[in-house]
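In the working numbering, the protein residues as written are 42 to 337.
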Amino acid sequence: MVDPTLKNRTITKIKEAIPVLSPRLRVVAKYIVDNPSDFGLDPIRETARKAGVSTYTLVRMAEKLGFEGYDELREPFRHALVSTAAVVDQREWLESLRNHGDLGQVQADASVNTMAIVRRSLERQSSDQMARVVEMLLSANTVYLSAVRASYALAYYLHYVGRMALPSLQLIPRHMNSAIDELNYAGEGDVMIAITFTPYSRETIEACKFARDKGVKLIMISDSDVISTDFRAEETLVVSTVSTHHFGCYTGAMAVIETLLALLVKQGGDAARRRIKSYEDLRKDNNAYWIAQKKH
42 MVDPTLKNRT ITKIKEAIPV LSPRLRVVAK YIVDNPSDFG LDPIRETARK
92 AGVSTYTLVR MAEKLGFEGY DELREPFRHA LVSTAAVVDQ REWLESLRNH
142 GDLGQVQADA SVNTMAIVRR SLERQSSDQM ARVVEMLLSA NTVYLSAVRA
192 SYALAYYLHY VGRMALPSLQ LIPRHMNSAI DELNYAGEGD VMIAITFTPY
242 SRETIEACKF ARDKGVKLIM ISDSDVISTD FRAEETLVVS TVSTHHFGCY
292 TGAMAVIETL LALLVKQGGD AARRRIKSYE DLRKDNNAYW IAQKKH
């Protein structure tokens, strides 16, 4: 009987070993951590192809971790295997889309993929971890939130809504500064949320390293637990970004952010509800003002 905790313990062992692994073995480590179900399911040659390494490198990885062979390393993943394939009812609207030519097929495939990554992303978040993240955020002196390029849209939305429940939330960088400039006065008691996906932003990685050096606690929202060997986050909310086009699909990340916002509002209590009501009243007053102006 395989120990049911062995898969998680093996993943933890891999993460701890990453800083001392060779570059090729780091590639294998990252692949296993990011794709545990595929690793448990695929034969060694297919895993080597997907990871972009040789079968010999996979065997070396097993030996490096103290396993007798590759099959012994893979067995805990096979035992705990949960298919990452989406369970999506092939409803009539999907079949209807597929019957409308090439674009209909693309739309149907994208729709199925979107529903799948939302489900996979939400399933990966344990209630214990989400509770820890919310507690870290609510107890922080200041919460810095940083992202660049396409990830910035997610960060902007999280900041726009999140500040209702979390007044200490600051979106960085501001005013054409760098994130590091904004973190100059950060320190112990502060928390930073960083959002980045493959290929990981150099600016965000540098900001994370700088923040950790200053004693700031770090929460990552990313597509992997293995982002950099130069720092480790207290918590990483791992989401799926699998896409049917050439760029990452961020609906899974948005779903997790929505869940985080719901928890923050709940834990924010009456104070959060008062801030939300104040904001809604302000919008109503502003709309009434412009309606009156148009009448004149």
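Ideal placement from N, C-alpha and C gives every residue a C-beta, glycine not left out.
With respect to T183, D254 sits apart: the two C-beta atoms are not nearer than 7 Å. Taken in chain order, the complete alpha helix (DSSP H) segments of 4 residues or longer contained in the region 194–240 are 220–223. K71 and V153 have their C-alpha atoms some 27 Å from each other. Sorting V61, T277, R243 by C-alpha distance to the C-alpha of V189 places R243 at the top.
Per the coordinates, the alpha-carbon of T300 lies some 35 Å from the alpha-carbon of H141. DSSP lists I260 as the bridge partner or partners of E276. A direct Cα-Cα distance of roughly 20 Å separates L163 from I52. Here P214 has A220, E223 as same chain residues with Cβ atoms under 6 Å from its own Cβ, once five neighbours each way along the sequence are excluded. In the DSSP assignment, Y291 falls outside any beta strand (DSSP E) and carries neither an H nor an E. In this chain, the alpha helix (DSSP H) harbouring V147 covers 142–164.
Restricting attention to L178, T292, V100, P208, the CA atom closest to the CA of V159 is found in T292. Under DSSP, V100 takes part in no beta bridge, so it has no partner. If you draw a straight line from the Cα of D79 to the Cα of R314, it is about 44 Å long. Judged by beta-carbon spacing, M261 lies within the 7 Å limit of A274, meaning their Cβ atoms are closer than that value.
Residue pairing for S187: DSSP places it in a beta bridge opposite I213, A235. Restricting attention to D143, L82, C290, Q146, the CA atom closest to the CA of R115 is found in L82. Take the alpha-carbon of P77 and the one of L259: they are about 24 Å apart. Taken through DSSP and simplified to helix, strand or coil, I85 comes out as helix.
A103 places its beta carbon 7 Å or farther from that of G93. Minimum Cα-Cα distance from V279 among the listed residues K318, A333, V74 corresponds to V74. Residue burial annotation: R161 is buried, with at least 16 other C-beta atoms found within 10 angstroms of its C-beta.
Under a 10 Å Cβ-count criterion, A312 is classified as exposed, with fewer than 16 other Cβ atoms of the shown protein chains found around its own Cβ.
Inclusion of K54 and P117 in the CB contact set at 7 Å is not warranted, their separation being larger than that value. Linking V283 to A191 through their CA atoms gives a straight-line distance of about 15 Å. In the three-state reduction of the DSSP assignment, K71 falls in the helix class, which pools H, G and I.
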